[in-house]
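This report refers to the structure that appears directly beneath it.
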Amino acid sequence: MIPDDYKIVKICPQCGSPKINWINGGIGGPVYKCDDCNYVGAFILEVRLKDIQKFQREMRENRR
Ligand SMILES: [Zn+2]
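Structure (structure tokens):
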């Protein structure tokens, strides 16, 4: 079994939220939508569960 910390989760490239929904599999491939910031796009990030907070912190710092 893989520990939870090492599970790969999809997160939003804009806000780092893991609330990503797969909404469409069109010609261009899968499209995802973020529940938190309404980002829509084919590009999402895949990170380990234990790295989510690190990504979210970096995103907040980059926004300054
Ligand atoms: Zn988002």
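The opening position of the sequence shown corresponds to residue -19 in my numbering, with each subsequent residue numbered one higher.
All C-beta atoms in this analysis are idealised placements derived from N, C-alpha and C, irrespective of residue type, glycine included.
Note that the structure is a prediction, hence the values are computed from the model and not measured.
If you draw a 10 Å sphere on the C-beta of residue -9, you find 16 or more other C-beta atoms in it, and that means buried.
Those residues having their beta-carbon less than 5 Å away from any non-hydrogen atom of ligand 1 are, in chain order, -8, -6, -5, -3, 14, 16, 17, 19. Residue burial annotation: residue 24 is buried, with at least 16 other C-beta atoms found within 10 angstroms of its C-beta. Ranking 29, 31, 10 by CA distance to the CA of residue 21 puts 10 first. Here residue 32 really is in contact with residue -2; their C-beta atoms are around 6 Å apart, less than 8 Å.
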